[in-house]
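Protein chains in written order, with UniProt numbering: chain A, 1 to 127; chain B, 1 to 127.
Protein chains: 2
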Amino acid sequence: MEQIPILQLGHFLLVTIQVELHDELAMTLQDDLTTKLAKTGARGVLIDISALEIVDSFIGRALAQIAGISRVMDATTVLTGMRPAVAITLVELGVTLAGIKTALNVDKGMRLLRESLDEPGEAPSAA
Amino acid sequence: MEQIPILQLGHFLLVTIQVELHDELAMTLQDDLTTKLAKTGARGVLIDISALEIVDSFIGRALAQIAGISRVMDATTVLTGMRPAVAITLVELGVTLAGIKTALNVDKGMRLLRESLDEPGEAPSAA
Numbered sequence: 001m002e003q004i005p006i007l008q009l010g011h012f013l014l015v016t017i018q019v020e021l022h023d024e025l026a027m028t029l030q031d032d033l034t035t036k037l038a039k040t041g042a043r044g045v046l047i048d049i050s051a052l053e054i055v056d057s058f059i060g061r062a063l064a065q066i067a068g069i070s071r072v073m074d075a076t077t078v079l080t081g082m083r084p085a086v087a088i089t090l091v092e093l094g095v096t097l098a099g100i101k102t103a104l105n106v107d108k109g110m111r112l113l114r115e116s117l118d119e120p121g122e123a124p125s126a127a
Numbered sequence: 001m002e003q004i005p006i007l008q009l010g011h012f013l014l015v016t017i018q019v020e021l022h023d024e025l026a027m028t029l030q031d032d033l034t035t036k037l038a039k040t041g042a043r044g045v046l047i048d049i050s051a052l053e054i055v056d057s058f059i060g061r062a063l064a065q066i067a068g069i070s071r072v073m074d075a076t077t078v079l080t081g082m083r084p085a086v087a088i089t090l091v092e093l094g095v096t097l098a099g100i101k102t103a104l105n106v107d108k109g110m111r112l113l114r115e116s117l118d119e120p121g122e123a124p125s126a127a
């Protein structure tokens, strides 16, 4: 079952990464996510990595690439649940995760996504 | 990383099962879930099994047990994303998943949970 499920939650997609994201799996995830983005018109992608104890530069790049793809498909990506040790390692490796928003947990990530959707003034909500 | 992450989404907890739920892992999940239920006071548990291609009677029982524990901790369990083949196998195996609500996907599961929370008339919303 080498496939990471992508769950739809309202306007957002949730991806919980629980297994090590090797080459092929990262490609499958990219493909699945773009298909799902096109199909659902989702405006946000939440990627939870709270289960990952190790995130190396390969995974870091794969996540950044997914965020880049989502961006051109008009969706914001938020990375949630990063463990402190993972954050330290990533910075030490020089992986800056540029262009990816982060949040401590899924709840906060959802709030961030909702706010980022409201901001550009897409709905009739101008303060 | 033999641990299934439990994500909090508002009043609910979301568990996405992506790996085969063997004996020890099921126990860990039970422990983690009860701890999280006690800590957060969550009223609903969503278990997504859309990644599972095979659900045997052991997993069926484990899920039923988790639902039973959640119930005595005042939370409703909804099982989402069951594949058609899995549903067929479960019924053939005689696993009825009694006491577990099911929904086709997480979005519908969330709606079901919200409705089940509204019903008992807990908030001042009486039509």
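Virtual Cβ for every residue (Gly too), placed ideally from N, Cα, C. The model shown is predicted, which means the values in this text are computed figures rather than measured ones.
My output table needs one value for B:D48: the three-state DSSP class, helix, strand or coil.
Taking the first residue of the second sequence as position 1, residue 48 of chain B is located at position 48. DSSP places B:D48 in strand when its eight states are reduced to three.
Could you check if A:D23 is buried or exposed, using at least 16 other CB atoms within 10 Å of its CB as the buried criterion?
On the first sequence, residue 23 of chain A is found 23 positions in, with the first residue counted as 1. So A:D23 counts as exposed.
Taking 8 Å as the threshold (beta carbon to beta carbon), is A:I59 in contact with chain B?
Counted from its first residue, the first sequence places residue 59 of chain A at position 59. Judged by the 8 Å Cβ criterion, A:I59 is not in contact with chain B.
Decide if B:R43 is buried, meaning its Cβ has at least 16 other Cβ atoms within 10 Å, or exposed.
Here residue 43 of chain B is taken as the residue at index 43 of the second sequence, counted from 1. With 16 or more Cβ atoms within 10 Å of its Cβ, B:R43 is classed as buried.
Beta carbon proximity, B:V106 to chain A, threshold 8 Å:
Counting from 1 along the second sequence, the entry for residue 106 of chain B is found at position 106. Yes, B:V106 lies at the interface with chain A (some Cβ there is under 8 Å from its Cβ).
Is it true that the region 21-36 of chain B meets the region 85-99 of chain B, where meeting means three or more beta-carbon pairs spaced less than 8 Å apart?
no
Who are the Cβ neighbours of B:L7 in its own chain at under 6 Å, not counting the five residues just before and after it?
Numbered from its first residue, the second sequence carries residue 7 of chain B at position 7. Closer than 6 Å at the Cβ level, and outside the excluded window around B:L7, lie L14.
Mind checking B:Q3: buried by the 16 CB within 10 Å criterion, or exposed?
As a first step, residue 3 of chain B must be located in the second sequence, where it is residue number 3. It is exposed - the Cβ of B:Q3 has fewer than 16 other Cβ atoms within 10 Å.
Please check the pair B:G60 and B:G99, which I expect to be a contact at CB under 8 Å, by giving their CB distance rounded to whole angstroms.
Here residue 60 of chain B corresponds to residue number 60 of the second sequence, with the count starting at 1. Here residue 99 of chain B corresponds to residue number 99 of the second sequence, with the count starting at 1. Rounded, the Cβ-Cβ distance is 12 Å, inconsistent with contact.
So A:V15 is in the beta strand (DSSP E); what residue range does that whole segment cover?
If you number the first sequence from 1, residue 15 of chain A lands on position 15. Looking at the DSSP string, the run of the beta strand (DSSP E) that includes A:V15 is 12-16.
Spatial neighbours of B:A62 in its chain, beta-carbon cut-off 7 Å, leaving aside the 5 residues before and after
Taking the first residue of the second sequence as 1, we reach residue 62 of chain B at position 62. Taken in chain order, the residues that qualify are L21, A26.
Which residue marks the beginning of the beta strand (DSSP E) containing B:Q8, and which one marks its end?
Taking the second sequence and counting its residues from 1, the one referred to as residue 8 of chain B is at position 8. Note, B:Q8: beta strand (DSSP E), 6-9.
Thinking A:Q72 and A:K101 are a contact (beta carbons under 8 Å), I'd like their distance in whole angstroms, please.
Numbered from its first residue, the first sequence carries residue 72 of chain A at position 72. Numbered from its first residue, the first sequence carries residue 101 of chain A at position 101. Sequence inspection shows Val at residue 72 of chain A; the Gln mentioned does not correspond to that position. Actually they are not in contact, since the Cβ atoms of A:V72 and A:K101 sit about 16 Å apart, beyond 8 Å.
Is it buried or exposed, B:T96, if we count other Cβ atoms within 10 angstroms and call 16 or more buried?
As a first step, residue 96 of chain B is located in the second sequence; it is residue number 96 there, counting from the start. Answer is exposed; the Cβ neighbour count stays below 16.
Would B:T80 pass as a contact of B:D48 if the rule is Cβ separation under 8 Å?
To locate residue 80 of chain B, count along the second sequence from 1; it is residue 80. To locate residue 48 of chain B, count along the second sequence from 1; it is residue 48. It is a contact, given that the beta carbons lie within the stated cut-off.
Quick check on the DSSP output: the beta strand (DSSP E) that includes B:L104 runs from which residue to which?
Here the question's residue 104 of chain B lines up with position 104 in the second sequence. Counting along the chain, no beta strand (DSSP E) covers B:L104, and no H or E run does either.
Counting only Cβ-Cβ distances shorter than 9 Å, please list the residues of the region 76-98 of chain B near chain A, keeping chain order.
T80, G81
Of all Cβ atoms in chain B, is any one closer than 8 Å to the Cβ of A:T16?
Here the question's residue 16 of chain A lines up with position 16 in the first sequence. Yes, because at least one Cβ of chain B sits closer than 8 Å to the Cβ of A:T16.
Whole-angstrom C-beta distance between A:V106 and B:V19, which should lie under 8 Å
Indexing the second sequence from 1 puts residue 19 of chain B at position 19. Indexing the first sequence from 1 puts residue 106 of chain A at position 106. Contact flag wrong, Cβ pair sits at about 19 Å.
Show which residues of chain A have a CB atom less than 9 Å away from the CB atom of residue 137 of chain B.
Because residue 137 of chain B is not part of the residues shown, which for chain B are 1 to 127, the question remains open.
Within chain B, partners of A:Q3 - CB distance below 7 Å:
Taking the first residue of the first sequence as position 1, residue 3 of chain A is located at position 3. The contacting residues are A51.
Going along chain A in order, which residues have a C-beta closer than 7 Å to the C-beta of B:Q8?
On the second sequence, position 8 is the one that residue 8 of chain B refers to. Near B:Q8 (Cβ distances below 7 Å), the residues of chain A are N105, V106, D107.
So, using beta-carbon positions, are B:T16 and A:T16 closer together than 8 Å?
Position 16 of the second sequence, counting from 1, holds the residue named residue 16 of chain B. Position 16 of the first sequence, counting from 1, holds the residue named residue 16 of chain A. Cβ atoms of B:T16 and A:T16: closer than 8 Å.
Residues of chain A with a CB under 8 Å from the CB of B:M27: which are they?
Numbered from 1 along the second sequence, position 27 holds the residue referred to as residue 27 of chain B. Within chain A, no residue comes near B:M27; the closest Cβ sits about 17 Å away, beyond 8 Å.
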